[in-house]
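Data first, discussion second: the structure below is written as structure tokens.
There are 2 protein chains.
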Amino acid sequence: MPSQTTSTNGAAANGSAKRGRPGYDQQSVLRIAVDVFNRHGYDATSMGILADNLGISKSAIYHHVPSKGDLLKLALDHALGGLESILEQPEAAAGAADARLEFVLRRTVAVLVERLPFVTLLLRLRGNTEIERNALERRRTFDHKVAALISAARDEGSLRQDIDPRTVTRLLFGMINSIVEWYKPGGSLSPGKLADDVITMAFDGLHGHTAPTA
Amino acid sequence: MPSQTTSTNGAAANGSAKRGRPGYDQQSVLRIAVDVFNRHGYDATSMGILADNLGISKSAIYHHVPSKGDLLKLALDHALGGLESILEQPEAAAGAADARLEFVLRRTVAVLVERLPFVTLLLRLRGNTEIERNALERRRTFDHKVAALISAARDEGSLRQDIDPRTVTRLLFGMINSIVEWYKPGGSLSPGKLADDVITMAFDGLHGHTAPTA
DNA sequence: CCGGGCCGACCGACCGTTCATGAGAAACTA
DNA sequence: TAGTTTCTCATGAACGGTCGGTCGGCCCGG
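If you want it as structure tokens, here you go:
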């Protein structure tokens, strides 16, 4: 029943020769763990279930990672790192606010897709442990910076002014973040077209009375 | 620490005189339980934690409800009942597709707000138990019916045609469903204005090149 | 023969649930 | 009015089971 990775215990296509008995390394354990976490929910995933899915014993997991919480922490760091790096890029800091906003939104969609399972895990946190609360804090910081960008674009006159910018931010993030709940990479919808669709819906809406593009 | 309801054990403002020892009834237990479930996540909420929040013992909970799963089932039925009743109303069945769509979306936002904690619980399910899978199935049925409405509006020419209707549906639901993650009733944003904002963002987008309203 | 990878047995804590019984207010009887 | 019954809500100890995590030792390829 466990969707175990066959034969070569999933030890990741590790090009470099390694000593010792072949098997998992931390990266491949993490990859599979995140998948299982997303399938059952983090809290509902016991180390026993995780071990079944890995095809190794429960105690073997502790050879690769010190605790269940560390597994979560590694995953969340990867997700948050991807998001935070967006705002460090030059295109996010220079130019007209609405152009910067579009850049950030496109990159956010891209990161969601590239690191799909990791970001999925992040977006489903409830903040039960200190690890989760730290991650939620970092995510909130990211959200606030984007919210500031939206306010700037609004003040520039690029965005409609009849909706509270905080409402706009939340609805926008709601739309974008929902991607992790349904997007399947490798399907007919490419990441590029997905980003286009998101931008189109966000800026021009369903009716599509598109303004003459400058 | 538990945010227990003081003095009158929270037995709901029940006007009619009741026999027996005063205390909780099923409804008030359910209300608080759903709140706690939403704060910690359903799986992460133990009956012990729940009992602490109720201010009664763990075993007392079983006087009101036969199991933790039944508590979840009651909550999900309430949420799903609200959503499903939308599509049974006449305004959802007659008239132009885009008018029907707007009606359904407005009512959906309203139900989300009216039954906020219950719908929140529903939207966070992972499908671990049979109860959860049944609920997810009912939710999927609702989504599909709205998706059909979107397709109809598109075929009518009311909606833009450069985005796959399934993508539209998902982004739209992503935006609307996100409400449960941030909306606080009683604040400065009224449910009516919220629905207006959602409709505006969905149909006309952030740029707001609104077409002359007929 | 070293060292990374793994195992089975085990731990204390906590899980959801059960049970026999107590507490307390309304309703009935005298 | 006083006493008794009836009804609902609540209790605390305990059950079998599962949780995250530990420990000591075996496996096996470079």
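Residue numbers (my numbering), protein chains in the order written: chain A, 1 to 214; chain B, 1001 to 1214. Backbone N, C-alpha and C fix where the C-beta goes; we use that ideal spot for every residue, glycine too.
| Item | Value |
| --- | --- |
| Limits of the alpha helix (DSSP H) - the one that G205 of chain A falls within | Taken as a continuous stretch (DSSP letters only), G205 of chain A belongs to no alpha helix (DSSP H), as it is neither H nor E. |
| Bounding residues of the alpha helix (DSSP H) (the contiguous stretch that carries Q1161 of chain B) | No alpha helix (DSSP H) holds Q1161 of chain B; DSSP gives it neither H nor E. |
| Environment of S59 of chain A [buried if 16+ CB atoms lie within 10 Å] | exposed |
| Endpoints, alpha helix (DSSP H) assigned at E114 of chain A | A97 to E114 |
| Within 8 Å, strictly: CB atoms of L80 of chain A and L149 of chain A | no |
| Close Cβ partners of K1145 of chain B (< 6 Å) along its chain, the five nearest in sequence each way excluded | L1087 |
| Proximity of H78 of chain A and F37 of chain A at Cβ, strictly below 8 Å | no |
| D1155 of chain B at chain A interface by Cβ criterion, 8 Å | no |
| Neighbourhood of L125 of chain A by C-beta, 7 Å cutoff - its chain only, sequence neighbours within 5 removed | E132, A135 and L136 |
| Range covered by the alpha helix (DSSP H) that runs through N1219 of chain B | No information on residue 1219 of chain B is available, as it lies outside the stretch 1001 to 1214 that chain B covers here. |
| Contact list for the segment 41-74 of chain A against chain B, Cβ threshold 8 Å | G41, D43 and A44 |
| Inter-stretch contact at 8 Å, needing at least 3 Cβ pairs: the segment 1051-1066 of chain B / the segment 1155-1163 of chain B | no |
| Outcome for A1096 of chain B when other beta-carbon atoms lying within 10 angstroms are tallied against a minimum of 16 | exposed |
| Classification of R1139 of chain B by the beta-carbon crowding that lies within 10 angstroms, buried from 16 upward | buried |
| Chain A contact residues for D1204 of chain B, given Cβ-Cβ distances below 7 Å | G205 and H207 |
| Backbone CA spacing between N1009 of chain B and S1057 of chain B [nearest angstrom] | Below a pLDDT of 50, predicted positions are generally treated as unreliable, and N1009 of chain B, at 43, falls in that range; the measurement from the model is reported next regardless. Approximately 13 Å between the Cα atoms of the pair. |
| Interface positions of the segment 128-146 of chain A facing chain B (Cβ-Cβ less than 9 Å), listed along the chain | N128 |
| Closer than 8 Å at the beta carbon, the chain A residues around D1164 of chain B | L189 and D197 |
| Within-8 Å CB hit, T1200 of chain B to chain A | yes |
| Proximal chain A residues relative to S1178 of chain B, where beta-carbon distance stays under 8 Å | R170, L171, F173, G174, M175, N177 and S178 |
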